[in-house]
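Asker: Going by the working numbering, the first residue of the sequence shown is number 20, and it counts up by one from there. Attaching a single structure in structure tokens format; questions to follow.
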Amino acid sequence: MIFKYLEWICLLHDMKRYQKVDDYDGTARPDHLFRFYPEGAVCSDGSRYHGLFRMGRENKLLIMLDGGGFAFDKYTAARPSGDTFDENNPTFYDSWCKPSKDAYTRLSMFHEKCKKSPFYGWSLLCVPYATGDFHGGTGTFTYTDTEGKERTFYAHGNINLHLCIDFARQFCPHPEKLVVLGSSAGGFGTALVGNDVLERFPDCRDCTCIVDGAAIDLDLKECAKTLWQVPESISAALHSDDPVADGLEYLYAHQKGRVKIGYVISLRDGVLMRYQNFIDTKKEMGWPPEAGERMERIICGTVNRLSASIPDISYFLYNYNFNDIKGRPVESNGATSHCCLWIPEFMRFEREGCTGLQWVRNVIDGKTTQIGRDLLT
């Protein structure tokens, strides 16, 4: 417990100091992370949008899709996230590029000096998330905010994504290996836009998509069509109340033979519990024990469905909480971690003789690895 407490103190320190990132000055050198500002890219509130890029020393590219909630109707659109969470006044998504999120590009296995990382020496493109649309939108709509003022919502996540890819292709146009990886809303994004991203790199035959911490029971078809206005190549995937399974099955069907798919999640993900509880109750983002049971059923359903439709899918299921600074392996209500790939502890966390870091490497190397099958119901 003491070690975990000290590790979390270090992690919080790193999250603060890693926010300091240089702006692009027209040059790129290996292992140097910088911000760039694609022309025409905006956040959902209309503010300036930026991407992040680090040139590697090998012809391999990691594309990280950032997370931060989502807006699935005009009520949620009117409630962007602040810097703190208030259960009595729920907020739903990040509406601008928060500097604090730039740090994720250097944490844990994503740090340029982490030699044991499967991404050591790779180029890295991070696509920040500030549009509430799972990186899929191309449209705008109006809504009334909580003070009664009419505002415009720019659901331009897919536009921003492709502008960022255009920038990265200047430095890594034909990678021999490509990984698309996302956590939380970025995990949903990886499932839904993964096929589109791979289409931008048609020459790459060694591709991987990894989804971290994404599952929900919600029909997104109408939202995706009328609010986010996603491209047909994304809306075509949505046909059930399980958008993650929909997206990954669509990706597999269209990229079979050159894509490997990985899915990592905790069975009672505490953040997803809050969102699902709001969707179910229409009034609160609480997380009572019964919400955990509901979340576990949803996640098991997603994994069982994907196991049947994508036989060589790799997954890593766990019932543990990485996110607690006090070292508690599970919250008092049974809640577990929301996302893990950026947590240093996950690299050494072991289940069935396989660490989290080894699992990620196995997925990229094409070694189907299914961890946590005993947790499925």
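Glycine residues also receive a C-beta, built at the ideal position from the N, C-alpha and C atoms.
Which residues mark the beginning and the end of the beta strand (DSSP E) in which leucine 71 is found?
Answerer: Counted from its first residue, the sequence shown places residue 71 at position 52. Taken as a continuous stretch (DSSP letters only), the beta strand (DSSP E) holding leucine 71 covers 70-73.
Asker: In three-state DSSP terms, what is glutamate 263?
Answerer: Along the sequence shown, read from residue 1 onward, the residue named residue 263 stands at position 244. What sits at residue 263 in the sequence shown is valine, not glutamate. Of the three classes helix, strand and coil, the one that applies to valine 263 here is helix, per DSSP.
Asker: Go ahead and label glutamate 131 buried or exposed: buried means 16 or more other beta carbons lie within 10 angstroms of its beta carbon, across all protein chains shown.
Answerer: For the purposes of this step, residue 131 is identified with residue 112 of the sequence shown, where counting begins at 1. When all chains shown are included, glutamate 131 counts as buried.
Asker: Below 7 Å CB to CB, which residues in the same chain sit around threonine 110 once its five sequence neighbours on both sides are set aside?
Answerer: As a working mapping, residue 110 is identified with position 91 in the sequence shown. Cβ within range, chain order: Arg98, Pro99, Ser100, Gly101.
Asker: Cysteine 226 lies in the beta strand (DSSP E); which residues open and close that run?
Answerer: Here residue 226 is taken as the residue at index 207 of the sequence shown, counted from 1. Segment 226-231, the beta strand (DSSP E) holding cysteine 226.
Asker: Classify proline 49 as buried or exposed, calling it buried when 16 or more other Cβ atoms lie within 10 Å of its own Cβ.
Answerer: Mapped onto the sequence shown, residue 49 falls at position 30. Classification of proline 49: exposed, given that the 10 Å Cβ count is below 16.
Asker: Does glycine 45 pass the burial test, meaning 16 or more other C-beta atoms within 10 Å, or should it be called exposed?
Answerer: The residue you call residue 45 lines up with position 26 of the sequence shown. Counting Cβ neighbours within 10 Å, glycine 45 comes out exposed, since fewer than 16 surround it.
Asker: For serine 285, name the three-state secondary structure that DSSP assigns.
Answerer: Within the sequence shown, numbered from 1, the residue matching residue 285 stands at position 266. In this structure, serine 285 counts as strand in the three-state DSSP scheme.
Asker: Comparing the C-beta of phenylalanine 186 with each C-beta of chain C, is any distance below 8 Å?
Answerer: Of the protein chains in the structure, only one exists, and it is not chain C.
Asker: Within the continuous alpha helix (DSSP H) that includes glutamate 315, where are the two ends?
Answerer: Position 296 of the sequence shown, counted from the start, is the residue given in the question as residue 315. Unbroken alpha helix (DSSP H) run through glutamate 315: 308-328.
Asker: Rank Phe207, Gly213, Phe186 by C-alpha distance to the C-alpha of leucine 197 and give the top, closest one.
Answerer: The sequence position of residue 197 within the sequence shown is 178, counting from 1. Residue Gly213 is the option with its Cα nearest to leucine 197.
Asker: Grab me the residues of threonine 374's own chain with a C-beta within less than 7 Å of its C-beta, minus the 5 sequence neighbours each way, in chain order.
Answerer: Counting from one through the sequence shown, the residue named residue 374 turns up at place 355. Excluding sequence neighbours, threonine 374 sits near Met366, Arg367, Phe368.
Asker: Whose CA, out of His175, Arg224, Asp225, Ala310, lies closest to the CA of glutamine 248?
Answerer: Walking along the sequence shown from the start, residue 248 turns up at place 229. Cα-wise, what sits closest to glutamine 248 is His175.
Asker: With DSSP as the reference, identify every bridge partner of lysine 279, one or two as the case may be.
Answerer: Locating residue 279 in the sequence shown gives position 260, where the first residue counts as 1. The partner list for lysine 279 (beta bridge, DSSP) reads Thr227.
Asker: Have a look at cysteine 223 and glycine 232 and give me their C-alpha separation to the nearest angstrom.
Answerer: As a first step, residue 223 must be located in the sequence shown, where it is residue number 204. As a first step, residue 232 must be located in the sequence shown, where it is residue number 213. When rounded, the distance between both Cα atoms is 26 Å.
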